[in-house]
Amino acid sequence: MLAFTRLQLAIAASLLSLYTAIAAPSTPPASTAPASSCKGDASGCPAWMPSQAQMRDTIADYFCELADQGHIQPRVKQLVRAESSPLNCGALGEEPGSNFVCGGEMRFIGKGSEIDTITFSPTLRYEEEGRIAFYVGDDEEGKQVWRVPASRSNSATCGVR
1 MLAFTRLQLA IAASLLSLYT AIAAPSTPPA STAPASSCKG DASGCPAWMP SQAQMRDTIA
61 DYFCELADQG HIQPRVKQLV RAESSPLNCG ALGEEPGSNF VCGGEMRFIG KGSEIDTITF
121 SPTLRYEEEG RIAFYVGDDE EGKQVWRVPA SRSNSATCGV R
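Anchor point for the sequence shown: position 56 equals 56 in my numbering, and the numbering is continuous, going up by one each time.
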(Lines of atoms letter the chains of each structure in order from A and count residues from 1; the text may use other names and numbers.)
(Lines give C-alpha, C1' and ligand atoms only; values in the text may rest on other atoms or scores of the structure.)
Protein backbone atom coordinates (compact mmCIF):
# COMPACT_ATOMS: atom_id res chain seq x y z
CA MET A 1 0.00 0.00 0.00
CA LEU A 2 2.82 2.41 0.89
CA ALA A 3 4.58 1.77 -2.44
CA PHE A 4 1.32 2.40 -4.29
CA THR A 5 0.79 5.67 -2.40
CA ARG A 6 4.31 6.85 -3.20
CA LEU A 7 3.78 5.88 -6.82
CA GLN A 8 0.57 7.91 -6.87
CA LEU A 9 2.41 10.92 -5.39
CA ALA A 10 5.21 10.63 -7.93
CA ILE A 11 2.70 10.44 -10.76
CA ALA A 12 0.78 13.44 -9.36
CA ALA A 13 3.99 15.49 -9.18
CA SER A 14 4.90 14.53 -12.76
CA LEU A 15 1.44 15.37 -14.01
CA LEU A 16 1.54 18.67 -12.13
CA SER A 17 4.73 19.67 -13.96
CA LEU A 18 3.25 18.63 -17.30
CA TYR A 19 -0.07 20.35 -16.58
CA THR A 20 1.54 23.62 -15.56
CA ALA A 21 3.78 23.59 -18.63
CA ILE A 22 0.80 22.98 -20.96
CA ALA A 23 -1.78 25.13 -19.19
CA ALA A 24 0.43 28.12 -18.46
CA PRO A 25 -1.08 31.25 -19.96
CA SER A 26 1.28 33.23 -22.15
CA THR A 27 0.80 36.25 -19.88
CA PRO A 28 -0.28 35.35 -16.33
CA PRO A 29 -2.70 37.79 -14.72
CA ALA A 30 -0.57 40.44 -13.02
CA SER A 31 -2.86 40.60 -9.99
CA THR A 32 -2.56 36.90 -9.08
CA ALA A 33 0.78 35.71 -10.50
CA PRO A 34 3.11 36.98 -7.73
CA ALA A 35 0.91 35.90 -4.82
CA SER A 36 -0.24 32.52 -6.07
CA SER A 37 1.75 29.38 -5.42
CA CYS A 38 0.30 27.87 -8.61
CA LYS A 39 2.88 29.65 -10.74
CA GLY A 40 1.97 28.02 -14.04
CA ASP A 41 -1.80 28.49 -13.88
CA ALA A 42 -2.78 31.03 -11.24
CA SER A 43 -6.40 31.03 -12.38
CA GLY A 44 -6.73 27.32 -11.54
CA CYS A 45 -5.57 27.57 -7.92
CA PRO A 46 -7.98 27.18 -5.02
CA ALA A 47 -8.20 30.32 -2.87
CA TRP A 48 -6.79 28.41 0.11
CA MET A 49 -3.44 27.59 -1.55
CA PRO A 50 -0.43 29.25 0.11
CA SER A 51 1.43 32.10 -1.57
CA GLN A 52 4.77 31.72 -3.33
CA ALA A 53 6.46 33.62 -0.49
CA GLN A 54 4.95 31.40 2.21
CA MET A 55 5.84 28.21 0.32
CA ARG A 56 9.38 29.31 -0.49
CA ASP A 57 10.01 30.16 3.19
CA THR A 58 8.61 26.81 4.33
CA ILE A 59 10.68 24.88 1.78
CA ALA A 60 13.87 26.70 2.86
CA ASP A 61 13.04 25.99 6.54
CA TYR A 62 12.61 22.30 5.75
CA PHE A 63 15.87 21.89 3.83
CA CYS A 64 17.87 23.90 6.36
CA GLU A 65 16.51 21.62 9.08
CA LEU A 66 17.56 18.56 7.04
CA ALA A 67 21.06 20.07 6.68
CA ASP A 68 21.23 20.73 10.45
CA GLN A 69 20.31 17.08 11.09
CA GLY A 70 22.95 15.82 8.64
CA HIS A 71 20.39 14.29 6.24
CA ILE A 72 21.73 16.47 3.43
CA GLN A 73 25.09 18.19 3.09
CA PRO A 74 25.22 21.29 0.88
CA ARG A 75 28.36 21.18 -1.25
CA VAL A 76 29.27 24.84 -0.90
CA LYS A 77 31.97 26.47 1.15
CA GLN A 78 30.88 29.14 3.60
CA LEU A 79 27.12 29.06 3.05
CA VAL A 80 25.75 32.59 2.60
CA ARG A 81 22.07 31.81 2.08
CA ALA A 82 19.54 29.14 1.22
CA GLU A 83 16.59 29.92 -1.02
CA SER A 84 13.93 28.14 -3.01
CA SER A 85 13.36 28.74 -6.69
CA PRO A 86 9.90 29.89 -7.81
CA LEU A 87 7.57 26.93 -7.33
CA ASN A 88 4.96 25.12 -9.35
CA CYS A 89 2.26 23.96 -6.95
CA GLY A 90 -1.09 22.32 -7.30
CA ALA A 91 -3.83 21.06 -5.01
CA LEU A 92 -4.57 17.34 -4.94
CA GLY A 93 -8.18 18.24 -4.08
CA GLU A 94 -10.38 21.30 -4.41
CA GLU A 95 -11.59 21.58 -0.82
CA PRO A 96 -9.68 23.42 1.93
CA GLY A 97 -7.46 21.02 3.84
CA SER A 98 -6.57 18.96 0.77
CA ASN A 99 -2.96 17.95 0.31
CA PHE A 100 -0.91 19.81 -2.27
CA VAL A 101 2.36 19.25 -4.11
CA CYS A 102 5.01 21.85 -4.92
CA GLY A 103 8.01 21.32 -7.16
CA GLY A 104 11.15 23.38 -7.59
CA GLU A 105 14.78 23.63 -6.60
CA MET A 106 16.41 24.44 -3.29
CA ARG A 107 19.57 26.50 -3.76
CA PHE A 108 22.40 26.63 -1.26
CA ILE A 109 24.55 29.63 -2.20
CA GLY A 110 28.14 29.91 -0.99
CA LYS A 111 30.42 32.89 -0.42
CA GLY A 112 32.23 32.41 -3.73
CA SER A 113 28.94 32.43 -5.69
CA GLU A 114 28.99 28.64 -5.85
CA ILE A 115 25.55 27.01 -5.87
CA ASP A 116 24.38 23.54 -4.86
CA THR A 117 20.82 22.66 -5.89
CA ILE A 118 18.37 20.00 -4.78
CA THR A 119 15.25 19.28 -6.85
CA PHE A 120 12.10 18.54 -4.82
CA SER A 121 8.37 17.87 -5.07
CA PRO A 122 7.03 17.09 -1.59
CA THR A 123 3.43 16.48 -0.61
CA LEU A 124 2.26 19.11 1.87
CA ARG A 125 -0.80 20.13 3.87
CA TYR A 126 -1.93 22.81 6.28
CA GLU A 127 -1.89 21.78 9.93
CA GLU A 128 -4.62 22.94 12.34
CA GLU A 129 -2.47 25.85 13.57
CA GLY A 130 -2.04 27.10 9.99
CA ARG A 131 1.55 25.93 9.51
CA ILE A 132 2.56 23.86 6.50
CA ALA A 133 3.59 20.25 7.11
CA PHE A 134 5.58 17.84 4.91
CA TYR A 135 4.55 14.23 4.37
CA VAL A 136 7.52 12.15 5.53
CA GLY A 137 6.07 8.64 5.22
CA ASP A 138 3.98 6.19 7.17
CA ASP A 139 4.69 4.88 10.65
CA GLU A 140 4.81 1.19 11.60
CA GLU A 141 1.02 1.20 12.06
CA GLY A 142 0.44 2.56 8.55
CA LYS A 143 -0.55 6.06 9.70
CA GLN A 144 0.72 9.04 7.76
CA VAL A 145 3.49 11.07 9.40
CA TRP A 146 3.59 14.85 8.76
CA ARG A 147 6.33 17.20 9.94
CA VAL A 148 6.31 20.98 10.35
CA PRO A 149 9.89 22.27 9.97
CA ALA A 150 11.56 24.57 12.46
CA SER A 151 12.28 28.13 11.35
CA ARG A 152 15.61 28.48 9.57
CA SER A 153 16.32 31.59 11.65
CA ASN A 154 17.36 29.09 14.36
CA SER A 155 19.31 26.90 11.93
CA ALA A 156 22.98 26.23 12.57
CA THR A 157 23.46 25.75 8.80
CA CYS A 158 21.29 28.55 7.39
CA GLY A 159 20.58 30.89 10.32
CA VAL A 160 21.55 34.53 10.39
CA ARG A 161 25.15 34.84 11.48
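Glycine included, C-beta positions come from ideal geometry on N, C-alpha and C.
Quick caveat: nothing in here was measured; it's all calculated off a predicted structure.
- prompt: Sorted by chain position, which residues of the same chain lie with C-beta nearer than 6 Å to P122's C-beta, five sequence neighbours on each side aside?
  reply: Taking the sequence shown and counting its residues from 1, the one referred to as residue 122 is at position 122. Around P122: F134.
- request: Would you list the residues sitting across from C102 in a DSSP beta bridge?
  value: By one-based count along the sequence shown, residue 102 stands at place 102. In the DSSP output, where bridge partners are listed per residue, C102 has C89.
- prompt: Helix or strand or just coil, what does DSSP make of S151?
  reply: Looking up residue 151 in the sequence shown gives position 151. Correct three-state label for S151: coil.
field: Distance, V101 Cα to W48 Cα
entry: On the sequence shown, residue 48 is found 48 positions in, with the first residue counted as 1. On the sequence shown, residue 101 is found 101 positions in, with the first residue counted as 1. Approximately 14 Å between the Cα atoms of the pair.
task: Work out the CA separation of L92 and R125 for me, nearest whole Å.
output: Counting from one through the sequence shown, the residue named residue 125 turns up at place 125. Counting from one through the sequence shown, the residue named residue 92 turns up at place 92. In a straight line, the C-alpha of R125 is about 10 Å away from that of L92.
query: Run through DSSP, which three-state label would T123 get?
result: Within the sequence shown, numbered from 1, the residue matching residue 123 stands at position 123. T123: strand per DSSP, three-state reduction.
Integer-rounded CB distance, given that G110 should sit under 8 Å from Q78: The residue labelled residue 78 in the question sits at position 78 within the sequence shown. The residue labelled residue 110 in the question sits at position 110 within the sequence shown. Right, the Cβ-Cβ distance comes to about 6 Å (below 8 Å), so this counts as a contact.
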